[in-house]
Amino acid sequence: MSAIKDFTLQCPLPITDYPTVTLAHGGGGKLMHQLIEKMILPAFQSPLLETRHDGAVFALGGARLAFTTDSYVVNPLFFPGGDIGSLAINGTVNDLSMCGARPFYLSCGLILEEGLPMETLWAVVQSLKQAAEVAGVQLVTGDTKVVDRGKGDGVFINTAGVGLVEHDLTIAPSSVKEGDVVLLSGDVGRHGIAIMAMRQGLEFESAIESDCAPLNGAVQALLDGKVQVHCLRDLTRGGLGTTLIEIAEATGLQIIIDEKKIPVRDDVAGACEVLGFDPLYLANEGRMIVFVPENEVARALELLRKASPHTAGAVEIGRVTGERGGLVKMKSRIGTTRIIDMLSGEQLPRIC
Amino acid sequence: MKYSSEYRDADAAQGYAHEIRRITKQPWTIMEICGGQTHAIVKFGLDELLPKEIELVHGPGCPVCVTPLELIDKAVQIAQRKDVIFCSFGDMLRVPGSDVDLFGIKARGGDVRILYSPLDALKIAKENPTKEVVFFAVGFETTAPAHAMAVYLAKQQEIHNFSVLVSHVLVPPAMEAILGSETNRVQGFLAAGHVCAIMGYDEYIPIAAKYKVPIVVTGFEPLDILQGISMCVKQLEEGRYEVENQYTRAVTEGGNHPAQHYIKEVFHVVNRKWRGIGEIGMSGLSLRPAYAEFDAELRFDVGGYTAEESPLCISGLIMQGQKKPNECSAFGKQCTPEKPLGAPMVSNEGACAAYYRYRRAELAASAALTSAGAKGEV
Numbered sequence: 017m018s019a020i021k022d023f024t025l026q027c028p029l030p031i032t033d034y035p036t037v038t039l040a041h042g043g044g045g046k047l048m049h050q051l052i053e054k055m056i057l058p059a060f061q062s063p064l065l066e067t068r069h070d071g072a073v074f075a076l077g078g079a080r081l082a083f084t085t086d087s088y089v090v091n092p093l094f095f096p097g098g099d100i101g102s103l104a105i106n107g108t109v110n111d112l113s114m115c116g117a118r119p120f121y122l123s124c125g126l127i128l129e130e131g132l133p134m135e136t137l138w139a140v141v142q143s144l145k146q147a148a149e150v151a152g153v154q155l156v157t158g159d160t161k162v163v164d165r166g167k168g169d170g171v172f173i174n175t176a177g178v179g180l181v182e183h184d185l186t187i188a189p190s191s192v193k194e195g196d197v198v199l200l201s202g203d204v205g206r207h208g209i210a211i212m213a214m215r216q217g218l219e220f221e222s223a224i225e226s227d228c229a230p231l232n233g234a235v236q237a238l239l240d241g242k243v244q245v246h247c248l249r250d251l252t253r254g255g256l257g258t259t260l261i262e263i264a265e266a267t268g269l270q271i272i273i274d275e276k277k278i279p280v281r282d283d284v285a286g287a288c289e290v291l292g293f294d295p296l297y298l299a300n301e302g303r304m305i306v307f308v309p310e311n312e313v314a315r316a317l318e319l320l321r322k323a324s325p326h327t328a329g330a331v332e333i334g335r336v337t338g339e340r341g342g343l344v345k346m347k348s349r350i351g352t353t354r355i356i357d358m359l360s361g362e363q364l365p366r367i368c
Numbered sequence: 020m021k022y023s024s025e026y027r028d029a030d031a032a033q034g035y036a037h038e039i040r041r042i043t044k045q046p047w048t049i050m051e052i053c054g055g056q057t058h059a060i061v062k063f064g065l066d067e068l069l070p071k072e073i074e075l076v077h078g079p080g081c082p083v084c085v086t087p088l089e090l091i092d093k094a095v096q097i098a099q100r101k102d103v104i105f106c107s108f109g110d111m112l113r114v115p116g117s118d119v120d121l122f123g124i125k126a127r128g129g130d131v132r133i134l135y136s137p138l139d140a141l142k143i144a145k146e147n148p149t150k151e152v153v154f155f156a157v158g159f160e161t162t163a164p165a166h167a168m169a170v171y172l173a174k175q176q177e178i179h180n181f182s183v184l185v186s187h188v189l190v191p192p193a194m195e196a197i198l199g200s201e202t203n204r205v206q207g208f209l210a211a212g213h214v215c216a217i218m219g220y221d222e223y224i225p226i227a228a229k230y231k232v233p234i235v236v237t238g239f240e241p242l243d244i245l246q247g248i249s250m251c252v253k254q255l256e257e258g259r260y261e262v263e264n265q266y267t268r269a270v271t272e273g274g275n276h277p278a279q280h281y282i283k284e285v286f287h288v289v290n291r292k293w294r295g296i297g298e299i300g301m302s303g304l305s306l307r308p309a310y311a312e313f314d315a316e317l318r319f320d321v322g323g324y325t326a327e328e329s330p331l332c333i334s335g336l337i338m339q340g341q342k343k344p345n346e347c348s349a350f351g352k353q354c355t356p357e358k359p360l361g362a363p364m365v366s367n368e369g370a371c372a373a374y375y376r377y378r379r380a381e382l383a384a385s386a387a388l389t390s391a392g393a394k395g396e397v
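Written as structure tokens, this is what we have:
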């Protein structure tokens with residue numbers, strides 16, 4: 017047995033730059049945020065863009081409008097609980113809702129790959145139509161392009177949306193205050209696991225369905241109920257953890273959440289154990305967090321739970337403390353406290 | 020969730036913590052071998068529950084961290100070939116090589132795929148007979164049986180377009196290397212439960228006797244780890260040095276015999292280089308000559324390649340338990356998970372990444388306090 021007497025200090029050379037775009041630049045983690053901060057925001061300098069919200073809110077012709085856009089690339093196109101069509105509607109409807117707007121009109125750009133079966137396209141179009149009906153919005157303009165075989169993943173969709181802001185609240189991270197309570201609209205992580213299971217051919221005892229759903233009904237219930245909503249944010253690629261960090265960093269305030277209060281379904285938790293994933297960073301497509309003052313909590317929860325089956329499981333998960341620093345902390349199940357950090361890119365299944 | 024939430028119970032955790040405080044009379048340094056345990060300790064803040072006399076140091080049991088730089092470079096060289104489908108467990112893709120990581124190769128158009136099992140790579144090989152399919156066979160005794168089975172089946176089924184790039188390491192020789200070092204501080208071990216589920220724990224009995232250190236085979240949930248620490252401290256306080264098994268729900272003394280059979284059939288024990296530590300005698304696995312045709316190093320002629328690591332980070336000292344990540348001058352400054360200088364900052368299970376993700380605010384606050392103190396401001 018060789019003893020380690022003369023080992024040398026070793027270290028790989030740093031890779032200090034990314035000459036090309038990597039998947040992690042779209043993973044919803046730190047690299048994506050850096051890309052936005054270092055390249056996109058400086059290039060398009062706009063006070064509306066600087067708010068870093070899910071959409072832009074502005075006055076136009078006497079009305080307050082919200083405007084947003086999002087692109088949808090998902091493999092597989094169809095998954096338990098949804099498909100690229102329902103995602104493309106719900107994602108944009110939800111971005112408008114997070115601005116506190118009532119969504120009205122959507123556009124739809126389809127980028128199709130040569131060779132896509134017409135039957136598949138028809139199924140996607142039907143899904144777009146149905147999801148729009150459920151959410152109560154209209155698709156009013158669109159575009160179609162076809163790219164060479166091998167240059168697309170079947171279908172890419174871009175939707176943009178316009179909504180009307182019908183209240184005087186400023187629903188944005190800038191309105192979040194010390195003492196605000198954080199509400200979560202339901203269990204987390206189902207969309208991420210549903211996609212992962214399909215993509216990797218993993219089989220669970222029962223199919224885990226995506227949580228893909230429109231949130232405009234629930235948001236409207238809060239607004240109609242005159243709840244003093246300070247901020248809304250839907251949980252997407254980076255999951256609950258990343259979304260909370262975005263808000264904490266934007267406000268400079270600390271958020272503390274309680275692990276025990278975050279609903280995660282047993283099958284999702286089980287899949288996470290197998291894959292080495294943290295449900296805090298799994299993608300969701302029909303979940304949001306709501307920041308309200310403490311005296312509004314009971315009423316907000318009651319309205320959310322009644323408003324729609326997608327928000328029936330709404331719970332309180334934490335609060336905004338007076339401490340500065342923009343950190344998110346979590347009280348663990350065993351009573352200790354730790355920092356919730358943003359991931360660099362997508363979660364990667366670990367070796368063992 | 021059944022079989023995991025029971026092991027994360029707050030009251031039971033406090034009970035074990037109380038028991039550890041009660042029995043601890045002297046300072047002790049205990050090393051958890053496995054990166055999965057390091058991750059759980061930091062994620063759940065288990066060390067906050069321990070008395071100040073107990074210091075946990077973090078061992079070399081993270082496969083991503085100890086895979087040598089030159090193996091990453093070899094993987095990169097193979098993965099960028101147009102005729103290759105390169106398959107790997109997910110967390111190897113972000114480990115920096117000398118020039119680029121495997122994600123970078125994927126971004127440049129390489130066919131790099133994340134798999135959950137090496138057997139899936141065999142399937143890909145069958146489906147793509149005109150391609151060479153290579154699996155990056157990295158890990159400890161835990162992943163060795165699946166790699167062995169894939170190679171065994173490839174031979175049985177005559178799948179000639181399949182090969183493995185092997186970087187397998189073994190736990191007991193690393194423990195002996197740490198214990199035999201002149202600067203060793205480790206007085207007791209938590210052995211890696213999943214490694215022992217495969218190999219059993221009889222090979223630890225002579226190590227415990229020779230170096231007079233207690234070794235407790237330990238699981239990965241918070242209560243497992245607290246109970247493992249409690250058993251280890253009890254032995255230390257009583258002057259015993261035995262091998263004990265905390266993880267009885269998964270580990271038997273003899274381990275998993277069929278798994279061991281396939282490891283021995285396909286692999287033999289060789290000297291291996293550990294990243295950040297150096298070469299340790301008879302500390303790894305390599306394909307036996309009878310399976311050499313499945314060795315990617317031979318097939319793609321990258322066997323002779325070596326890479327020089329720059330002496331910038333102290334990962335070797337960290338993985339031997341001689342330093343903590345926050346004692347590195349580059350920690351959180353030049354070295355972060357986005358731009359890792361050393362492998363322990365890359366993997367989820369790496370000690371540096373675990374400290375960075377869960378601890379850096381507290382570390383920064385205490386550093387500020389110390390520096391303010393040094394200026395006479397406190």
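Chains A and B are the protein sequences, given in the same order. For the first sequence, the residue numbers in our numbering are 17 to 368. For the second sequence, the residue numbers in our numbering are 20 to 397. Yeah, the Cβ is synthetic: ideal placement off N, Cα and C, and Gly gets one too. Values in this document were obtained by computation on a predicted structure and should not be read as measured data.
- Contacts with chain B at 8 Å (Cβ-Cβ) include V37 of chain A.
- For Y220 of chain B, no CB of chain A lies under 8 Å from its own CB, so it is not counted at the interface with that chain.
- In this structure, L137 of chain A lies away from C228 of chain A, with their beta-carbon atoms at least 8 Å apart.
- Taking 8 Å as the CB threshold, G351 of chain A lines the interface with chain B.
- Taking a cut-off of 8 Å for Cβ pairs, the region 227-243 of chain B and the region 58-67 of chain B touch, as three or more such pairs fall below it.
- Between A173 of chain B and F313 of chain B, the gap from beta carbon to beta carbon is short of 8 Å.
- In the structure shown, the three-state DSSP call for T86 of chain B is coil.
- L138 of chain B and L184 of chain B have their C-alpha atoms spaced approximately 15 Å apart.
- Here DSSP, grouped into helix, strand and coil, assigns V365 of chain B to coil.
- Identification of residues in the region 284-302 of chain A having a C-beta nearer than 8 Å to some C-beta of chain B yields A285, G286, E289, L291 and G292, given in sequence order.
- For H58 of chain B, the closest of B:W47, B:G78 and B:I39 by C-alpha to C-alpha distance is B:G78.
- Look at I187 of chain A here: in three-state DSSP terms it is coil, with no helix or strand label.
- For the 8 Å CB-CB criterion, V140 of chain A and I105 of chain A do not form a contact.
- For the pair V205 of chain B and F159 of chain B, the CB atoms are not nearer than the 8 Å cut-off.
- DSSP places Y171 of chain B in the uninterrupted alpha helix (DSSP H) bounded by A163 to Q175.
- Contact with chain B is found for I355 of chain A, since one of that chain's Cβ atoms lies less than 8 Å from the residue's Cβ.
- Nearest to V83 of chain B by alpha-carbon distance, out of B:T162, B:F181, B:E272 and B:P233, is B:T162.
- Within 9 Å of the CB of S348 of chain A, the CB atoms of chain B belong to R27, A29, K62, F63, G64 and P241, in sequence order along the chain.
- When Cβ pairs closer than 8 Å are counted between the two stretches, the region 111-131 of chain B is seen to touch the region 353-369 of chain B, the count reaching three or more.
- Sixteen is the threshold: since fewer than 16 other Cβ atoms of the shown chains lie within 10 Å of the Cβ of M134 of chain A, the residue is exposed.
- One finds nothing in chain B with a Cβ atom closer than 9 Å to the Cβ of K167 of chain A; even the nearest lies about 13 Å away.
- Around the Cβ of S305 of chain B, a 10 Å sphere holds 16 or more other Cβ atoms; the residue is buried.
- Taking the C-beta atoms as reference points, I56 of chain A is found no nearer than 8 Å to G125 of chain A.
- In this structure, the alpha-carbon of N345 of chain B lies about 12 Å from that of R376 of chain B.
- Excluding residues up to 5 positions away in sequence, M50, G78, P79, N203, V205, Q339 and G340 lie with their Cβ nearer than 8 Å to the Cβ of I197 of chain B in the same chain.
- R118 of chain A and D164 of chain A have their alpha carbons spaced roughly 38 Å apart.
- L317 of chain B counts as exposed, since fewer than 16 other beta carbons sit within 10 angstroms of its beta carbon.
- A contact is defined here as three or more CB-CB pairs under 8 Å, and the region 277-286 of chain A fails this definition with respect to the region 182-198 of chain A.
- Its chain contains L209, G247, M250, C251, E263 and Q265 as the residues whose beta carbon lies nearer than 6 Å to that of V235 of chain B, once the 5 sequence neighbours on both sides are disregarded; these appear in chain order.
- Nearest to V73 of chain A by alpha-carbon distance, out of A:D274, A:L185 and A:E339, is A:L185.
- Taking a contact to require three or more Cβ pairs closer than 8 Å, the region 201-213 of chain A and the region 290-302 of chain A qualify as touching.
- Each of A:N110, A:L343 and A:L132 was checked against the Cα of I261 of chain A, and the nearest Cα belongs to A:L343.
- Not a single C-beta of chain A is nearer than 8 Å to the C-beta of G238 of chain B.
- Contact between the region 149-159 of chain B and the region 98-106 of chain B is present, with at least three C-beta pairs closer than 8 Å.
- Straight-line spacing of the CA atoms in L90 of chain B and H179 of chain B works out to 22 Å.
- Straight through space, the alpha carbons of Y88 of chain A and L69 of chain B are spaced by roughly 48 Å.
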